[in-house]
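So the protein sequences, as listed, match chains A and B.
Note that our numbering has the first sequence beginning at 194, numbered continuously upward.
Note that our numbering has the second sequence beginning at 259, numbered continuously upward.
Okay, structure first, notes after.
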Amino acid sequence: MDINTFIENFAGQFDDTPADQINPETNFRDLEEWSSLIALSIIAMVDEEYGVTLKGDDIKNATTVKDVFDRVAALKG
Amino acid sequence: MAFCEFKNVRIAGVAAGVPKNIVSNLDLKSGDGSISADYSPEAFVEMTGVKERRVSEVLTTSDLGFAAAERLIADLAWDKATIDAVLFVSQTADYALPATACILQDRLGLSKECYAADIALGCSGWVYGLSMACSFVSSGAMKRVLLIAGDAKRRAPQPLDPLFGCAATATAVELAEGVDGFKFHFGTDGSGYEAIIMPDSGSRNQTRPESFVSTEFEGKMMHQMQTHMKGMDVFGFGITTAPKSVKKLAEHYGFDYQTYDYFLFHQANMKMNNMIVKKLKLDPTKVPSEMYNFGNTSSASIPLLLVTQIRDQVNGQKKKFLCCGFGVGLSWGTVAFEDAIRVSELVEVGDECENYGYKLQGAVDEKGGQI
């Protein structure tokens, strides 16, 4: 699983946030555009691109984009 | 394995009853509790796909179901005495006991030689109820079953939820020698029981004054007699389980689901349904939606699509339907069938029709006089 592709996929769920504002260390909840609906888009993207189903707790327990990436990688096994 | 096939049985017709009253989400105020202060009402409507819903704080599911059933029975010219069973699928029954189906037997004037029972399911409820009705008829035990499904007035006073609407549907199931009937797939995952739950109001956590104390849940203030939903968990569940169930059904019975005319999915979240359509590679013109005008109507949502979205295209015309209900439980059910169904016109019910034609014996009116 490549982290740069993951960041691209993650950033792709945002409409108004420039891609350069989304990096592995970005605290995604601090992004102005972040909302519960974007959280759903992330869940959908992860399911589609990585074949893994994230739960609410997976998002809640993550702080940075890398945290989400690590969780997806762990679930993928 | 929960695959079932029932032959020699068909759906004769479908009808639906909704409150006359329309509540528009464009009238919501940001930050008043119903929608977050982060969104304007217009943004909320655009993101959720729900512009308005039918709402009554007076009419129960059985009131709407009664109206739908009366319309359906009249449209089909069914002799009420020939109805062998009434099944009531709802999570907003009139009373915890007795079963609302029993009350409907009397209110509809059905025979006392009638089987009546409630089924406490939501999103998957119509598919489950349909399988039970089909099973009775297909086995030869019964000839006609009336299935009423929906949700309306809540069990406890609470702020209106902008995503939910009130509706009840009536489905007439009857014997039909020689027809292919229905193919079903069912599944359950009780480990997800807390994903959609009304914490109090049952026996596990008894209803008491503390039940009405509001606490914060996923950014909203809610008391314990309101439905708590873990949105992200339900979303992830829906986008994986619904497509899998459809594929499993098609594979088990050896058919190509792409040949079907209409795909009727439970109407809960537009984003979720769009993902399901994408995963199954469906032609979106075959996938009607009613969230815009009706919101999430629980077990009514699938049959309500027939009445409100595709009535002209299917009424009396032979079509292949693939329906999938999924949600609270967690529970899911998918059904495939082909038929020409009679679809009644939508019944709109005014609040004055509460308990229409039916009062408890010994009831008194406001002046203390016998009704």
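Idealized CB from N, CA, C, for every residue including glycine.
This structure is a prediction, so every number in the text was calculated from the model and none was measured.
From what residue to what residue does the alpha helix (DSSP H) around residue i run?
i: F324(B); result: 319 to 334
i: G496(B); result: 489 to 511
i: S396(B); result: 383 to 396
i: G249(A); result: 249 to 253
i: V565(B); result: 559 to 566
i: T429(B); result: Here T429(B) belongs to no alpha helix (DSSP H); instead the beta strand (DSSP E) covers 425 to 433.
i: A260(B); result: Careful: A260(B) lies outside any alpha helix (DSSP H) and carries neither H nor E.
i: M533(B); result: 528 to 538
i: R264(A); result: 258 to 269
Do residue j and residue i have their beta-carbon atoms positioned less than 8 Å apart in this structure?
i: G585(B); j: C381(B); result: yes
i: V281(B); j: F440(B); result: no
i: C581(B); j: V272(B); result: no
i: D240(A); j: I497(B); result: yes
i: I377(B); j: L345(B); result: yes
i: Y347(B); j: L379(B); result: The question names Tyr, yet the displayed sequence has Val at residue 347(B). Result yes, Cβ atoms of V347(B) and L379(B) sit closer than 8 Å.
i: P546(B); j: Y518(B); result: no
i: M490(B); j: G249(A); result: yes
i: A357(B); j: A343(B); result: no
i: K278(B); j: E612(B); result: no
i: S257(B); j: L362(B); result: Beyond the ends of chain B as shown, which are 259 and 629, falls residue 257(B); an answer cannot be given.
i: A428(B); j: L404(B); result: yes
i: K338(B); j: L368(B); result: yes
i: T446(B); j: G583(B); result: no
i: G591(B); j: F444(B); result: yes
i: L150(A); j: V245(A); result: There is no way to answer for residue 150(A), as the model of chain A reaches only from 194 to 270.
i: K576(B); j: V437(B); result: no
i: M194(A); j: A266(A); result: yes
i: M479(B); j: H486(B); result: no
i: A179(A); j: I215(A); result: With chain A represented from 194 up to 270, any question about residue 179(A) goes unanswered, as that position is not in the structure.
i: A410(B); j: L317(B); result: yes
i: V276(B); j: L604(B); result: yes
i: F199(A); j: F262(A); result: yes
On the CB-based measure, 16 or more other CB atoms within 10 Å of its CB, does residue i come out buried or exposed?
i: N531(B); result: buried
i: P501(B); result: buried
i: Q484(B); result: buried
i: F207(A); result: buried
i: D285(B); result: exposed
i: A621(B); result: Only weak support is given to the placement of A621(B): the predicted model assigns it a pLDDT of 49, under 50, and the value that follows is read from those uncertain coordinates. That one is exposed.
i: E610(B); result: exposed
i: A260(B); result: exposed
i: L563(B); result: buried
i: E548(B); result: buried
i: N527(B); result: buried
i: Q464(B); result: exposed
i: P561(B); result: buried
i: R412(B); result: buried
i: S557(B); result: buried
i: A574(B); result: A small correction: the amino acid at residue 574(B) is Gly; Ala does not occupy that position in the sequence shown. G574(B) comes out exposed.
i: A598(B); result: exposed
i: D251(A); result: buried
With residue i as the anchor, note down where its beta strand (DSSP E) starts and where it stops.
i: F444(B); result: 440 to 446
i: V281(B); result: 280 to 282
i: A237(A); result: First-last for A237(A): 229 to 243, but that is the alpha helix (DSSP H), not the beta strand (DSSP E).
i: V437(B); result: It is not in any beta strand (DSSP E) - V437(B) carries neither H nor E in the DSSP assignment.
i: F203(A); result: First-last for F203(A): 196 to 204, but that is the alpha helix (DSSP H), not the beta strand (DSSP E).
i: V276(B); result: 267 to 277
i: Y520(B); result: 520 to 523
In terms of alpha-carbon separation, which member of the options lies closest to residue i?
i: G408(B); options: K506(B), A327(B), V545(B); result: A327(B)
i: A212(A); options: E201(A), F221(A), R264(A); result: E201(A)
i: L330(B); options: S602(B), E610(B), Y614(B); result: S602(B)
i: L322(B); options: E300(B), P299(B), I341(B), D352(B); result: D352(B)
i: N283(B); options: A270(B), P277(B), G275(B), S298(B); result: S298(B)
i: I341(B); options: N613(B), G450(B), V395(B); result: V395(B)
i: A274(B); options: S559(B), K539(B), E596(B); result: S559(B)
i: H524(B); options: K506(B), F493(B), L507(B); result: F493(B)
i: S470(B); options: A414(B), A426(B), C372(B); result: Note that residue 470(B) is Phe in the sequence shown here, rather than Ser. Here the closest residue by C-alpha is A414(B).
i: V572(B); options: M533(B), A594(B), R600(B); result: R600(B)
i: S459(B); options: K488(B), S589(B), L317(B), L355(B); result: L355(B)
i: A332(B); options: L366(B), E300(B), P542(B); result: L366(B)
i: C392(B); options: C262(B), L604(B), V308(B), E300(B); result: C262(B)
i: K536(B); options: E218(A), E225(A), M238(A), T219(A); result: M238(A)
i: E218(A); options: N197(A), S228(A), D209(A); result: N197(A)
i: F595(B); options: D364(B), A399(B), A508(B), P467(B); result: A508(B)
i: G448(B); options: T306(B), V303(B), S589(B), A301(B); result: S589(B)
i: Y451(B); options: Q482(B), E468(B), K488(B); result: K488(B)
i: K506(B); options: G398(B), V593(B), L540(B); result: V593(B)
i: L433(B); options: Q482(B), G398(B), V308(B); result: G398(B)
i: S341(A); options: K529(B), Q349(B), L522(B), F442(B); result: Since the first residue shown for chain A is 194 and the last is 270, residue 341(A) is missing from the structure and cannot be characterised.
*Would you say the segment 471 to 479 of chain B touches the segment 503 to 520 of chain B, given that touching needs at least three Cβ pairs under 8 Å?*
no
_Three CB pairs or more closer than 8 Å across the segment 549 to 565 of chain B and the segment 414 to 433 of chain B_ = yes
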